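Read through the structure below, which is laid out as structure tokens, and then see the notes.
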Amino acid sequence: MRFLDDAPRFLFFTGKGGVGKTSIACASAVRLAESGASVLLVSTDPASNVGQVFGVTIGNTVTPIAAVPGLSALEIDPEQAAAQYRERIVGLVRGLLPPAEMASIEEQLSGACTTEIASFNEFTDLLTDAAWTAAYDHILFDTAPTGHTIRLLQLPGSWTDFLTEGTGDASCLGPLSGLEKQRAVYAEAVAALADPARTRLVLVARAQGGALREAARTQAELAAIGMQRQHLVVNGILPAGPATLSDADAGTPAEADPLFDAIRVREQQALATMPAGLRTAPTDYVGLKSTNMVGLAALRSLLEPEVVSTLGTGIATVAPGAPLSALVDEIEAGGHGLVMLMGKGGVGKTTLAAAIAVSLAERGLPVHLTTTDPAAHLDDTLAGGLANLTVSRIDPAVEIANYTERVMRTKGAHLDAQGQAMLREDLRSPCTEEIAVFQAFSRVSREAKGTFVVMDTAPTGHTLLLLDATGSYHREVTRQLGGGIRLTTPMMRLQDPEQTKVILVTLAETTPVLEAAELQADLERAGITPWAWIVNNSIAAAAPTNPLLLARARNELPELEHVHEKRAPRLAVVPLLAEEPVGIPALLALAAGRQPAPASVR
């Protein structure tokens, strides 16, 4: 693999959610460590699953991987990092200030802004602390999905600019306390990221148009902040064709499989038309494997060709589950409400949200389809409009601009020029985005009182931060109002199944199912009970005949049974489709449980 040749000290693995960043990063860490290097594998993803891949408990401390001498791992847990950051600040004044003032300080430090800053501090230490660089030959970063990654990698520059220009009367003064002394550390982090002798970026993608376009956007945006040394890894490629997938034991060639052939053609078309910028990047191709990437043996095999003779043959049976149309029927029966699709990045939330929305709109019902995902592409998925369907996106940049203008028009109207300058400076703080996006979410969710609102949420980490902001708002409002006043807050709407239906989306694979189960537990701790699960892109449900796809289908069955029996109050299973469900007709076919018509005849 060329991306591991002459590997520098720092390697970043990034890309659209669900493309296999964690698997590629883990397999790379194993290969480097087994070549004799000392390696630290770091996850900066709020929904990290590095521990699940290795089958060990990792966490916010360096943990040796016993089965791989020379390899250690670290998961930067945002909540734990934030708790430690808060304690460093609050601990200095605990017992010295009145309870009311202590409560105010702790409230300032309770939001997502503190979480972001705390995680960022740990990230920059790994790039700049001489103790870390002396201890390891390589530090590999399994980064969060692309939206998080771009924000994370831009932070050293943006925080340096923010500190250089002054914090003024910042509303996030609590979280920002102590940042000034970090100025030199942040400047060094910028230098490390931009130095090709120290840092290499590995863009991980699938042979899919959306994933390749996302990789190209990431490539351009990170090149703009100085990260020029970039490699492309295209993961999960199907082999050359069914004739190469013979069953060695039987001595006979595999039967032609229309599903396999259609996906293979689709992949090759995507690669042939990939954005021009990616074509100049050094590129490696990783073949689709028959097993889930959990455990050391699977990781060692990932960067090697599949051993076809072990695949065998057989027929896969599908675990119980309803078609997607059954969920849409129940949603329609409610008359109105908020439908939120949540889950790991890359599991198909955008497509399924669009399919549910267009199916409801096709039935003559008013529907608002929206997204809080910074990397979502609803327009590309819909590829057209439909009567009764309104489409929007909660764009952080737009919401920040609108929020800033609104605050300047109201609060700023009564200030002199110096006061207005300080207020505008305050609104440039990173905390403003959290407030602005939360207000937009609250505004959209209120519409569900009289219509259907289908929300495609961000990958799990973003979603939990959004719900944390919702919970903080709920606690603050109820605290201020006291008893005797009735008010419906956004969190109360989320907790009411008559108003909100939360649908968890996953794949029939070990890691996505585990992550969806963890998200379900987090939601239930917040008083939110998921209404249904959707297992998307199920190979078993597509009834393949190709040996490789059959092997993967057999591996799906335990996951499908587990979700049906242990997790999901309602379960829909959506098969892997020969044609990508893009456009209104294809989305309607998906929702109805039909194979979309080929693009050439639509």
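According to UniProt numbering, the residues represented by the sequence shown are 1 to 602, in order. Idealized CB from N, CA, C, for every residue including glycine. Note that this is a predicted model, so its numbers are computed, not measured.
Counted within 10 angstroms of its Cβ, other Cβ atoms place residue i as buried (16 or more) or exposed
| i | result |
| --- | --- |
| R88 | exposed |
| D6 | exposed |
| G20 | buried |
| H138 | buried |
| T500 | buried |
| R409 | exposed |
| V265 | exposed |
| T280 | exposed |
| P196 | exposed |
| L590 | buried |
| S177 | Note that S177 scores a pLDDT of 49, beneath 50, so its modelled location is shaky and nothing firm can be said. |
| K289 | buried |
| P258 | exposed |
| S28 | buried |
| A205 | buried |
| G583 | buried |
| D456 | buried |
| T199 | buried |
| E329 | It should be noted that the sequence gives Asp, not Glu, for residue 329. Label assigned to D329: exposed. |
| P547 | buried |
| R94 | exposed |
| V563 | buried |
| K566 | exposed |
| L203 | buried |
Residues bridged to residue i [DSSP beta-bridge criterion]
| i | result |
| --- | --- |
| M1 | BP columns for M1 are empty, so no partner. |
| Q230 | L201 |
| R206 | N235 |
| D456 | L341 and T371 |
| V505 | I534 |
| R432 | The sequence given here places Thr at residue 432; Arg does not occur at that position. Its beta-bridge partners do not exist; DSSP assigns none. |
| P64 | S72 |
| A322 | A572 |
Unbroken beta strand (DSSP E) run spanning residue i, endpoints
| i | result |
| --- | --- |
| T283 | T283 to G287 |
| H562 | Not the beta strand (DSSP E): H562 falls in the alpha helix (DSSP H), residues P547 to H562. |
| S389 | Correcting the residue type first, residue 389 is Leu in the shown sequence and not Ser. Element bounds for L389: L389 to V391. |
| residue 610 | There is simply no residue 610 to check, as the chain begins at 1 and stops at 602 in what is shown. |
| P490 | Per DSSP, P490 belongs to no beta strand (DSSP E); it is in the alpha helix (DSSP H), P490 to Q495. |
| residue 603 | No answer is possible for residue 603: it lies beyond the span of the chain, which begins at 1 and ends at 602. |
Whole-angstrom C-beta distance between residue j and residue i, which should lie under 8 Å
| i | j | result |
| --- | --- | --- |
| T511 | N49 | 5 Å |
| L360 | T371 | That belief does not hold up - the Cβ atoms of L360 and T371 are roughly 16 Å apart, past 8 Å. |
| M340 | V502 | 5 Å |
| G471 | M492 | So it is not a contact: roughly 11 Å between Cβ atoms. |
| F260 | L576 | In fact, because the Cβ distance is near 10 Å, the residues do not count as touching under 8 Å. |
| E122 | A189 | Their Cβ separation, rounded to whole angstroms, is 12 Å, which puts E122 and A189 out of contact at 8 Å. |
| A25 | L41 | 7 Å |
| G287 | G18 | That belief does not hold up - the Cβ atoms of G287 and G18 are roughly 17 Å apart, past 8 Å. |
| A572 | E579 | Contact flag wrong, Cβ pair sits at about 20 Å. |
| E556 | I539 | 6 Å |
| L516 | L504 | Reading off the sequence shown, one finds Ala at residue 516, where the question assumed Leu. Yes, they are in contact, since the Cβ atoms of A516 and L504 sit about 5 Å apart, within 8 Å. |
| T14 | T218 | 6 Å |
| M293 | S72 | Actually they are not in contact, since the Cβ atoms of M293 and S72 sit about 20 Å apart, beyond 8 Å. |
Enclosing alpha helix (DSSP H) for residue i [first to last residue]
| i | result |
| --- | --- |
| G210 | G209 to A224 |
| S290 | That residue, S290, is in no alpha helix (DSSP H); it is neither H nor E in DSSP. |
| I356 | K349 to E362 |
| L259 | P258 to A272 |
| A572 | Element bounds for A572: not the alpha helix (DSSP H) but the beta strand (DSSP E), L571 to P575. |
| R300 | L296 to L302 |
| Q499 | Element bounds for Q499: n/a, residue is neither H nor E. |
| E399 | P396 to T410 |
| T510 | T510 to R525 |
| V90 | P78 to V90 |
| P585 | I584 to A592 |
| G277 | A276 to R279 |
| L378 | L378 to L382 |
| A240 | It is not in any alpha helix (DSSP H) - A240 carries neither H nor E in the DSSP assignment. |
| T133 | A130 to A135 |
Cutoff 8 Å: residue i Cβ touching any chain B Cβ
| i | result |
| --- | --- |
| D195 | Given the protein chain composition of this structure (a single chain), no chain B is represented. |
Check: residue i C-beta below 7 Å from any heavy atom of the ligand PLP
| i | result |
| --- | --- |
| G471 | Only the bare structure without any ligand can be found here, which leaves the ligand PLP out of the picture. |
Exercise. What are the start and end residues of each continuous alpha helix (DSSP H) run of 4 or more residues lying completely inside the region 9 to 49, in chain order?
Worked result: Entirely contained in the region 9 to 49, the alpha helix (DSSP H) runs reaching 4 residues are, in chain order, 21 to 34.
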